[in-house]
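First comes the structure, then the notes that go with it.
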Amino acid sequence: MFFSSIFRWLALLTVPMVLTAATCVAAGPMETVKKITDRTIFILADEKLKAPEREAEKQELLREAADEFFDWRSMAQTALSVHWRKRTPEEKEEFTRLFAEFLEKTYMDKVEGYSGEKIEYLEEWIDREYPDEAVVKANVMTEKQGAIPVEYLMFEKDGTWKVYDVLVEGVSLLRNYTSQFNSIILRSSYEELVDMLKEKIGS
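Okay, here's the thing in structure tokens:
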């Protein structure tokens, strides 16, 4: 599967982006990405955090930071697409939580595989008509696959730039999940999708 083969590179550039959100309030979109990626690489290289007894601490740090940086509700709504408006407020809250935990677990499982890949930052584009929306383009440089282009779709919320979608080689992460989730709901039910997410995250 396309996304499964590149989750490790995507993990480097998404989960890492959450670790210093509190220090990036005044930074632009690209500067935010750079600072947080650098911070993540530092954490991955920290020998103290590699100790088995500190694994839970490291995972919790990633989760708490991710909750501050990603707009999970916006991402969950996009992923669920037309089925979102059919859900009750309680169901929307539950689905947002499950989807966030699912993405966090997926990326955390992969980020440990980081082995020194370099990141090439290309450009930052801020929408002139809607200056609170931006795109940051970068390449993850790999030995086997060469340059993997990644785009972060971001918006400014309460003075902080947040990610609401990620494109890898031009393919939207959320569009991929939208297609999968829609198929599950149409083939079975919304409840089946919820059960599958719970199973994936061990809930």
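In numbering that gives the first Met the number 0, the protein residues as written are 0 to 202. Cβ atoms here follow ideal geometry from the backbone N, Cα and C, with glycine treated the same way.
Delimiting residues of the beta strand (DSSP E) encompassing residue i
i	result
Thr159	159-167
Thr141	132-141
Ala146	145-156
Exposed unless 16 or more other CB atoms sit within 10 angstroms - verdict on residue i
i	result
Ala21	At Ala21, the pLDDT of 41 sits below 50, so the modelled position is not reliable; the number obtained from the coordinates is stated separately. Exposed.
Tyr129	exposed
Leu185	exposed
Pro88	exposed
Pro28	buried
Val135	buried
Lys161	buried
Ala65	buried
Ile5	Residue confidence is low: Ile5 scores 45 on pLDDT, short of 50, so the model does not pin down where it sits. Its coordinate-derived value is still stated next. Ile5 should be labelled buried.
Ala44	exposed
Val167	buried
Val139	buried
Val165	buried
Ala50	exposed
Residue i versus residue j - alpha carbon distance
i	j	result
Asn181	Glu190	12 angstroms
Asp157	Phe69	13 angstroms
Ser188	Leu173	20 angstroms
Ala137	Val149	5 angstroms
Gly145	Gly115	14 angstroms
Ile118	Ala26	19 angstroms
Ile147	Phe41	22 angstroms
Cys23	Thr31	Reliability fails at Cys23, whose pLDDT of 39 lies under 50, so the model's placement of it is uncertain and the value that follows must be treated cautiously. C-alpha separation (whole angstroms): 6 angstroms.
Trp71	Tyr163	8 angstroms
Ser80	Lys47	42 angstroms
Lys197	Ile183	14 angstroms
Met195	Tyr106	18 angstroms
Ala177	Leu192	Residue identity check: residue 177 is Thr in the sequence provided, not Ala. When rounded, the distance between both Cα atoms is 12 angstroms.
Ile200	Arg62	13 angstroms
Glu54	Thr36	20 angstroms
Residue range of the alpha helix (DSSP H) that includes residue i
i	result
Tyr176	172-186
Val193	189-200
Trp124	Not the alpha helix (DSSP H): Trp124 falls in the beta strand (DSSP E), residues 117-125.
Ala78	71-79
Within 8 angstroms, do at least three Cβ pairs link the region 91-102 to the region 71-79?
yes
Meets three-Cβ-pair contact criterion under 8 angstroms: the region 100-108 and the region 117-125:
no
Is the region 153-166 in contact with the region 54-63, if contact means three or more CB pairs nearer than 8 angstroms?
no
Please list the segments of the beta strand (DSSP E) lying wholly inside the region 39-72, counting only runs of 3 or more residues, in order along the chain.
none
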